[in-house]
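Visitor: Dropping a structure here in structure tokens format, bear with me for questions.
Chains as they are written, first to last, in our numbering: chain A, 1 to 645; chain B, 646 to 1290.
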């Protein structure tokens, strides 16, 4: 119990020092994380990125101080000094665990619901990679994915989507430890929930176990051992007491407010803890050495196995280890097809070269053409790279993040308007700096008959506003191919591909090198630059046809294609200014398009919802046709002439 | 069966004529909607807004042609001619059902998952209003809320949140008819799901029934009758055949593509249908007259009851019928408190005057101070106006929309960063033109220690981009009070209130009349206008302190508070120009702030994620302190001077 109390007290010390944090869960759930780390998790601080390590996601990220304390005891790169800087500027121990920021943290967590869904992605990755690469005598991959979660996590819809999905796909190496303390921020869980937990999870093909006393390590140990043997994903409901050992035990008041000196004294007495704040005895460190010792041995064994595998399966070994040159899929310049169609072809091509390219659609494969290779991923065909997510957009995005966290090249597919459902997980990708690819089709009012519920308006603006999110809206097949190469090459930035339902003519000027700059001249002015039409996606060809008509009226404009504002913003000032000269400029986008005001005062956009009618009709009625663009540009042009007069 | 086939064939005719739509569900689920409308729904086309009518939500909105056909037969204001214009420009019969656009449509639907969750809100409204106003011999309110949904709806996380919530709150008058045809867009449901449906819904306190043959009207009738008597919400799983009667029966191919002439001929033969396209026999119209006849009688009875109630309970009658003057809650000008705190006081005040003000938080009541009056709404205390949504943000927003659709003044509460989870439902409010109020607190990096997962950056931009969404970010208590009055007065626009965790000093210039304009001079220039600082929320006081310092350097600026870009954009050009003169202007926002580029080239914003540290530290480190604002403004000012030189 000493190590458990060390976790508890290190947690209290951090929270008190920061005067901020969540003590309740730390005091209650410490035995769970202790049992898991000490006796089950196959990890080692010597190699915290070991590819066959067990994964651990702290879904209830507000218990961060508990994780940091445990990682410290286990020998990861978190010192007592780091713990003292909990929730302070620039520390390694931020308010919620952050991936790649802190050694030993497998996923950023905090926003409830994301954790379990990401863990599902990690478990798919293990199942896929084991099925593809393990051979007789070569059990290269056989790790588990563990989650600790709370009541709130399970109330989230995204979790329920992920649970249903995981049960269906028989992800037997996924083990969720449910810190069931019956208390939420607002009070007793009975304020908001009354479910038959066992029945609910069993109905979704999960194995359910109950540990009646969270302090009963033997029971915990047995439950985890049983879960490891289960042929289904497992949830272990562990009854705990929030704020265990404190005078607020069992009360919601200890959820989110620091204990402070007095209450901490009380805890120390209850737990018979006689060490100082931030003090840990050698005895406890000694107890935790086993993690590194066992982990190092397993790591070395795995390494040896891997070396021998190299000899017996040189090609598979190469697949596993080589850095892949992502090809640029080529299209004829006269191709006239929807970018969603080009996209389908590109995925098929890339899948041949990239064994880790995996993904699928949220029950829209036929519409989006977003489909993985090698058949469907299922419990019985785990080498399939097409994932049928069902109508579970949010979980799809979070699961894809979990796949990416496990070094897969994951992609998702859906209608652009329903990116709304996925946004919280997309933000997580940006925040974790992981390159998940989110493919969206049906990108504008051109969707047509399905009407305003299915026509995106504000989505481009909303997604472009996410820090570190590369939103690419290609104008044709060549741009789509370039966008895919950029997405798959990306190391630290997720990508959104925003594609059309309607045909778009290809353009030979749309080279990869140009697309990489975010914006470029797709159709130059003839002689003298009178103005610029700035657009992306389906509006680029519209701009080009307006350009022709304007030239007939002796107005000589340049058309700039801007598939990615994100990449354009990273260019030099010189490049930006060379592209967007100080001439009348009209930006054209069938969307809110706030973001273009940075480049020009004149934006042709949509600030109302769409309408139900054939796509061409809607687009025309909303003014996105050549004559109207010409008209609108001439107004801009003449306004400027007057100002200059 | 003739009426059922009439629905089927009117559906086919519409879809064929439009060459767009979803025939599969129409052919399969027609008996369900028929049985429901003909024998159960208490509605009348004479008064489609009858307050005690049964509510009906077609969660699978892609079955719109089926609903339009049924509403036509039932005598609602949809003519055969309207059906012929299905999915055409300007028609009454758009691709998915739209609230207030088409007579008899109780809610916009199409985005899967929204329907059931909105229906939950409607059922709460019934339970609340019945409990508050029904008296002995006065059963004023006793209507049911019915939903038809498909597999996809139930896979959505928001639905699962709503189901769990409805079971917990014993919403016994909610009846979901589950069109269970085992087929999704991508194929058999077994591609994506394998659940024990009965167990799952029973585990969440729902009553479950199975109708094994969707064409068995007696079984359907019995099941609905049982559901009406149940003390729990009910789900009736009705096994149907997608594309029933067609050569594609039971196949995914008939989900989303029109049948066309040949296949329709086949259906006509199978169903022994001998009428022309869009033709309905008198016999069928005759059969459906019962809906109006029964409905009219019930309506008149209800009206009579209501008149008599007026005499016996004049005060309650008044409550139910009077147009309420929404008060402006007053604050002292020296109040220095977080706008979330002012907000809590305002809700408490308004609740005294407005009996239909109802809402709550997603397990963040203590943090957001968003709490309804009169205790908790529960199965046993249905007059409570505080709803404990649990950690179910998305369902919270959709449920609130359902409440608003039932004439309640509904509000929600949560952290601003988690508005992401609610976005799809918030968009629905904007699209339906209903005035739900979404309250958010913890509105910026000033959140502090909780770190980047909890610090909104792009959310303001994303929400401001939604058409018909009034995002108000008040700078102080007075602005918050004004914002609340605007929100509750609103008839056709939902409102987001974006509030702080940290204290803000009140300002006497922040009058209701000024806030109503969206932007106004909160602190005027002294003598000569040298420039403008434009800000909202917590940045307004920052701007005011920078204004003072600038004046010391003889730079005389005006501070404009812009709590709502949405309202500001509706002002006259004169007003806009009077406020934002052509002088050096710096917009200041601790967020992405793309939208300010419309007003000025110079925006002090944040385009990265936040950080974990005490709020004041984070805000300082990100440059949002007086000296830096002064510095930044001077750069803008000097740049302009040079240009003018």
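Think of the CB as a built atom: it goes at the ideal place given N, C-alpha and C, for glycine as much as any other residue.
Note down, in chain order, each residue of its chain lying with its Cβ closer than 7 angstroms to the Cβ of residue 502 of chain A, except the 5 sequence neighbours on either side.
Guide: Within the same chain, residue 502 of chain A has close Cβ partners 338, 446, 538, 615.
Visitor: In angstroms, rounded to a whole number, what distance separates the CA positions of residue 1264 of chain B and residue 1231 of chain B?
Guide: One C-alpha to the other measures close to 18 angstroms.
Visitor: Would you mind reading off the limits of the alpha helix (DSSP H) that contains residue 1322 of chain B?
Guide: No answer is possible for residue 1322 of chain B: the residues shown for chain B start at 646 and end at 1290.
Visitor: Does the region 1026-1040 of chain B come close enough to the region 1061-1078 of chain B that 3 or more CB-CB pairs lie under 8 angstroms?
Guide: Yes, they touch.
Visitor: Is residue 1203 of chain B helix, strand or coil when you go by DSSP?
Guide: Here residue 1203 of chain B sits in strand by DSSP.
Visitor: Give the range of the beta strand (DSSP E) segment to which residue 805 of chain B is assigned.
Guide: Element bounds for residue 805 of chain B: not the beta strand (DSSP E) but the alpha helix (DSSP H), 802-813.
Visitor: Could you check whether the Cβ of residue 563 of chain A sits closer than 8 angstroms to any Cβ belonging to chain E?
Guide: In the displayed structure, chain E is absent; the protein chains listed are A and B.
Visitor: Can we say the region 1159-1166 of chain B touches the region 1207-1215 of chain B, given the rule of at least three CB pairs closer than 8 angstroms?
Guide: The region 1159-1166 of chain B is in contact with the region 1207-1215 of chain B.
Visitor: Touch check for the region 290-301 of chain A and the region 34-48 of chain A: three-plus C-beta pairs under 8 angstroms?
Guide: As far as the Cβ criterion goes, the region 290-301 of chain A touches the region 34-48 of chain A, which means the pair count is three or higher.
Visitor: Residues in its own chain within less than 8 angstroms of residue 736 of chain B by CB, not counting five upstream and five downstream?
Guide: Within the same chain, residue 736 of chain B has close Cβ partners 727, 730.
Visitor: Roughly how many angstroms separate the alpha carbons of residue 870 of chain B and residue 820 of chain B, rounded to a whole number?
Guide: In a straight line, the C-alpha of residue 870 of chain B is about 10 angstroms away from that of residue 820 of chain B.
Visitor: To the nearest angstrom, how far is the alpha carbon of residue 1080 of chain B from that of residue 1048 of chain B?
Guide: When rounded, the distance between both Cα atoms is 10 angstroms.
Visitor: Are there 16 or more other CB atoms within 10 angstroms of the CB of residue 917 of chain B, so buried, or fewer, so exposed?
Guide: Result: exposed.
Visitor: In whole angstroms, give me the CA-to-CA distance for residue 221 of chain A and residue 177 of chain A.
Guide: Going by the C-alpha atoms only, they are around 12 angstroms apart.
Visitor: Smallest Cα separation from residue 613 of chain A: which of B:695, B:971, B:733?
Guide: Ranking the options by Cα distance to residue 613 of chain A, first place goes to B:733.
Visitor: If you check the beta carbons only, do residue 1053 of chain B and residue 1131 of chain B fall under 8 angstroms apart?
Guide: No, Cβ-Cβ distance for residue 1053 of chain B and residue 1131 of chain B is not below 8 angstroms.
Visitor: Go ahead and pull the three-state DSSP assignment for residue 450 of chain A.
Guide: Correct three-state label for residue 450 of chain A: coil.
Visitor: I need the straight-line Cα distance from residue 552 of chain A to residue 546 of chain A, nearest angstrom please.
Guide: Spanning the two alpha carbons is a distance of roughly 10 angstroms.
Visitor: Say whether the region 704-720 of chain B touches the region 624-643 of chain A, bearing in mind that this needs 3 or more beta-carbon pairs closer than 8 angstroms, one atom from each stretch.
Guide: As far as the Cβ criterion goes, the region 704-720 of chain B does not touch the region 624-643 of chain A, which means the pair count is below three.
Visitor: DSSP three-state label for residue 1249 of chain B, please.
Guide: It is a strand residue.
Visitor: State the CB to CB distance for the pair residue 234 of chain A and residue 207 of chain A, rounded to an integer number of angstroms; the pair is presumed to be in contact (CB under 8 angstroms).
Guide: Contact flag correct, Cβ pair sits at about 4 angstroms.
Visitor: Does residue 963 of chain B get closer than 8 angstroms to chain A when you measure Cβ to Cβ?
Guide: Closer than 8 angstroms: no.
Visitor: Are at least three pairs of beta-carbons, each pair with one atom in the region 144-159 of chain A and one in the region 293-313 of chain A, less than 8 angstroms apart?
Guide: No: fewer than three Cβ pairs fall under 8 angstroms.
Visitor: Would you tell me roughly how many angstroms separate the C-alpha atoms of residue 840 of chain B and residue 168 of chain A, rounded to the nearest one?
Guide: Computed Cα separation, rounded: 8 angstroms.
Visitor: Give me the DSSP bridge partner(s) of residue 1083 of chain B.
Guide: Partner(s): B:1057, B:1141.
Visitor: Identify the continuous alpha helix (DSSP H) that holds residue 616 of chain A and give its terminal residues.
Guide: 615-621 is the extent of the alpha helix (DSSP H) around residue 616 of chain A.
Visitor: I think residue 370 of chain A touches residue 346 of chain A, with their Cβ atoms under 8 angstroms apart; what is that distance to the nearest whole Å?
Guide: With a Cβ gap of about 10 angstroms, residue 370 of chain A and residue 346 of chain A do not count as contacting.
Visitor: Please classify residue 79 of chain A as buried or exposed, where buried requires at least 16 other C-beta atoms within 10 Å of its C-beta.
Guide: It is exposed - the Cβ of residue 79 of chain A has fewer than 16 other Cβ atoms within 10 Å.
Visitor: When the Cα of residue 703 of chain B is compared with those of B:1122, B:663, B:795, which residue comes out closest?
Guide: Checking every option, the nearest Cα to that of residue 703 of chain B belongs to B:795.
Visitor: Identify every residue that forms a DSSP beta bridge with residue 983 of chain B.
Guide: According to DSSP, which records beta bridges pairwise, residue 983 of chain B is partnered with B:1148.
Visitor: Starting from the beta carbon of residue 813 of chain B, find every residue of chain A whose beta carbon is closer than 7 angstroms, and list them in chain order.
Guide: By Cβ distance, chain A contributes 192, 193, 194.
Visitor: Thinking just about the alpha-carbon of each residue, which of A:634, A:173, A:241, A:163 is nearest to the one in residue 182 of chain A?
Guide: Out of A:634, A:173, A:241, A:163, A:241 has the C-alpha closest to the C-alpha of residue 182 of chain A.
Visitor: Are the Cβ atoms of residue 855 of chain B and residue 680 of chain B separated by less than 8 angstroms?
Guide: No; because the gap between Cβ atoms is not below 8 angstroms, this pair is not in contact.
Visitor: Does the separation of the CB atoms of residue 1097 of chain B and residue 1254 of chain B fall below 8 angstroms?
Guide: Yes, they are a contact pair.
Visitor: Does the region 889-907 of chain B come into contact with the region 653-660 of chain B, if we say contact requires no fewer than three beta-carbon pairs (one atom in each stretch) closer than 8 angstroms?
Guide: Touching, per the Cβ criterion.
Visitor: Are the C-beta of residue 143 of chain A and some C-beta of chain B separated by less than 8 angstroms?
Guide: With 8 angstroms as the cut-off, residue 143 of chain A does not count as an interface residue toward chain B.
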